[in-house]
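Colleague: Quick note: the sequence shown uses the numbering used here, first residue 3, plus one each step.
Ideal Cβ placement from N, Cα and C applies to all residues, glycine included.
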Amino acid sequence: MSFKDFELKINSVFLMRIMVAGVAELSFMDYPGSPALVIFVPGCPFQCPMCQNWRILEAKPEHEKEFDEFLSKIRVALGAVDAVKVSGGEPTLYPEFLLKLSEFCRDHGLLFGFDTNGYFPDVVKRLLGQVDLVSVDVKAAFNDPALYSRVIGVEMGEEAISRLRETLKALFSGNVYVDVRTTLIPTVNDKEEHMKNIGENLARLGYVGKALKEEASYTLQELEPNLAWKDEVRRMRRPTLEEMVKAGESVGLPRVYIRKANVGFMVRLDDLKRQEVRKLDLI
Ligand code: SF4
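1) Is there contact between the segment 109-121 and the segment 66-75, where contact requires at least three CB pairs shorter than 8 Å?
2) Spatial neighbours of Ile12 within its chain, please: CB distance less than 8 Å, with the 5 preceding and 5 following residues excluded, ordered by chain position.
3) Around the Cβ of Val140, are there at least 16 other Cβ atoms within 10 angstroms (buried) or fewer (exposed)?
4) Of all the beta strand (DSSP E) runs that stay within the bounds of the segment 58-109, which reach a length of 3 or more residues?
5) Assuming contact is defined by CB atoms lying nearer than 7 Å, are Met197 and Val253 in contact in what I supplied?
6) Taking the alpha-carbon positions, what's the Tyr96 to Gln54 distance?
7) Excluding sequence positions up to five away, which residues of its chain have a Cβ less than 6 Å from the Cβ of Lys127?
8) Tell me the DSSP bridge mates of Asp117?
9) Expressed to the nearest angstrom, what Euclidean distance is found between the alpha-carbon atoms of Asp293 and Val78?
10) From this set, Ile41, Ala213, Gly201, Lys193, which residue's C-alpha is nearest Phe116's C-alpha?
11) To the nearest angstrom, how far is it from the Cα of Thr184 to the Cα of Phe72?
12) Grouping DSSP H, G and I as helix and E and B as strand, with all else coil, what is Asp233?
13) With distances taken Cα to Cα, identify the nearest neighbour of Glu216 among Phe174, Leu101, Gly91, Thr242.
14) Please find out if some non-hydrogen atom of the ligand SF4 comes closer than 6 Å to the beta-carbon of Gly115.
15) Where does Glu27 fall in DSSP's three states?
16) What residues in its chain sit with their C-beta under 6 Å from that of Cys50, if we drop five residues either side in the sequence?
17) Under the rule that 16 or more other beta-carbon atoms within 10 Å means buried, what is Pro63, buried or exposed?
18) Identify, in the order they occur along the chain, each residue of the same chain with its Cβ nearer than 8 Å to the Cβ of Met268, setting aside the five sequence neighbours on each side.
19) What do you reckon, are the CB atoms on Leu80 and Leu39 nearer than 7 Å?
20) Does the Cβ-Cβ distance between Thr94 and Val125 come in under 7 Å?
21) How would you write the range of the alpha helix (DSSP H) that Gly211 sits in, first residue to last?
22) Report whether the distance from the Cβ of Phe42 to the nearest heavy atom of the ligand SF4 is below 6 Å.
23) Would you check if the distance between the CB atom of Leu274 and the CB atom of Gly201 is smaller than 7 Å?
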């Protein structure tokens with residue numbers, strides 16, 4: 003074996019290939035309470051018509067990078083943040099990358115978190131103890147697989163709900179901050195009974211105890227039709243603040259937050275209720 007071949011062989015064993023579709027060097031909207039660098043990974047088992055990152059739902063050869071080389075490119079930007087968040091796409095498609103990045107963050111005094119749609123509970127379980135924050139999507143009511151399928155854009159509602167339950171159960175009993183999020187889609191997933199069902203299921207899975215320790219929150223995010231993937235969603239309207247507050251109340255959980263343009267990234271429902279909601283409803 004020539005030295006070149008030997009070098010290639012060694013590199014293929016020790017160099018870690020990762021998939022990265024993009025980086026936001028400084029975000030105040032992705033890691034509650036901390037400025038963060040956000041890494042976007044490609045690919046997702048879902049095809050949500052409302053997806054804002056639909057351009058990266060397919061992994062492409064140009065997304066492939068080498069881990070250390072990638073880190074050296076973002077090293078300067080890392081000096082300006084307190085946290086690293088992996089978003090996507092679906093980050094749990096890449097467990098080895100998440101593990102390695104979490105080690106790097108721990109060694110460099112950075113907080114580490116990732117987003118997930120909850121479809122890979124075994125990966126989430128493997129990462130418990132290595133991660134500070136997990137933001138997990140609940141797309142719709144747990145008792146309506148047909149609605150869930152519609153919101154995730156693939157006929158996997160029942161399986162997605164079952165795997166999501168397993169993910170949430172593990173997260174609520176783990177040592178990690180859990181931010182559960184639902185994007186409110188007017189006339190689709192926002193009925194009072196939907197919200198109540200989400201609240202009841204989260205409570206059964208262990209949310210309340212975790213929230214009372216200030217280790218969990220539930221955030222209602224507004225739909226952003228202009229950024230959505232599919233025309234059917236682009237034609238929709240944003241939910242009003244009044245609708246979001248009402249939905250938040252129907253959930254019936256502690257530590258509910260609203261995320262809405264012109265209002266804030268994460269505004270506590272209790273604080274909003276103390277104000278005159280109609281006056282704040284700018285859209
Ligand atoms: S789960 Fe997230 S990344 Fe995947 S399609 Fe839905 S919104 Fe997009």
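Modeller: On the basis of the supplied data:
1) no
2) In the sequence shown, residue 12 corresponds to position 10, counting from 1. Annotation note: pLDDT 47 at Ile12 (below 50); position unreliable, coordinate value reported separately. Around Ile12: no qualifying Cβ.
3) Residue 140 sits at position 138 when you count from the first residue of the sequence shown. Val140 should be labelled buried.
4) 66-68, 85-89
5) Residue mapping note: residue 197 aligns to position 195 of the sequence shown, counting from 1. Residue mapping note: residue 253 aligns to position 251 of the sequence shown, counting from 1. Yes; because the gap between Cβ atoms is below 7 Å, this pair is in contact.
6) Taking the first residue of the sequence shown as 1, we reach residue 96 at position 94. Taking the first residue of the sequence shown as 1, we reach residue 54 at position 52. Approximately 20 Å between the Cα atoms of the pair.
7) Locating residue 127 in the sequence shown gives position 125, counting from the first residue. Cβ within range, chain order: Ala172.
8) Taking the sequence shown and counting its residues from 1, the one referred to as residue 117 is at position 115. Beta-bridge pairing links Asp117 to Ser137.
9) Beyond the ends of the chain as shown, which are 3 and 285, falls residue 293; an answer cannot be given.
10) By 1-based counting over the sequence shown, the position of residue 116 is 114. Distance from the Cα of Phe116 is smallest, within the candidate group Ile41, Ala213, Gly201, Lys193, for Ile41.
11) Counting from one through the sequence shown, the residue named residue 184 turns up at place 182. Counting from one through the sequence shown, the residue named residue 72 turns up at place 70. Taking the straight line joining both Cα atoms gives about 32 Å.
12) Locating residue 233 in the sequence shown gives position 231, where the first residue counts as 1. Three-state result, Asp233: helix.
13) Locating residue 216 in the sequence shown gives position 214, counting from the first residue. It is Phe174.
14) To locate residue 115, count along the sequence shown from 1; it is residue 113. For Gly115, the Cβ stays outside the 6 Å cut-off from all heavy atoms of the ligand SF4.
15) Taking the sequence shown and counting its residues from 1, the one referred to as residue 27 is at position 25. Residue state, collapsed to three classes: strand.
16) The residue you call residue 50 lines up with position 48 of the sequence shown. Hits under 6 Å: Ile154, Gly155.
17) Looking up residue 63 in the sequence shown gives position 61. Looking at its Cβ environment, which holds fewer than 16 other Cβ atoms inside 10 Å, Pro63 is exposed.
18) As a first step, residue 268 must be located in the sequence shown, where it is residue number 266. The residues are Pro34, Ser219, Thr221, Tyr259, Ile260, Arg261.
19) Here residue 80 refers to the residue found at position 78 of the sequence shown. Here residue 39 refers to the residue found at position 37 of the sequence shown. Cβ distance < 7 Å, so Leu80 and Leu39 count as in contact.
20) Residue mapping note: residue 94 aligns to position 92 of the sequence shown, counting from 1. Residue mapping note: residue 125 aligns to position 123 of the sequence shown, counting from 1. It is a contact, given that the beta carbons lie within the stated cut-off.
21) By one-based count along the sequence shown, residue 211 stands at place 209. It spans 209-214 - the alpha helix (DSSP H) in which Gly211 sits, taken as one unbroken run.
22) Mapped onto the sequence shown, residue 42 falls at position 40. It does not: the Cβ of Phe42 is nowhere closer than 6 Å to a heavy atom of the ligand SF4.
23) To locate residue 274, count along the sequence shown from 1; it is residue 272. To locate residue 201, count along the sequence shown from 1; it is residue 199. No. Outside cutoff.
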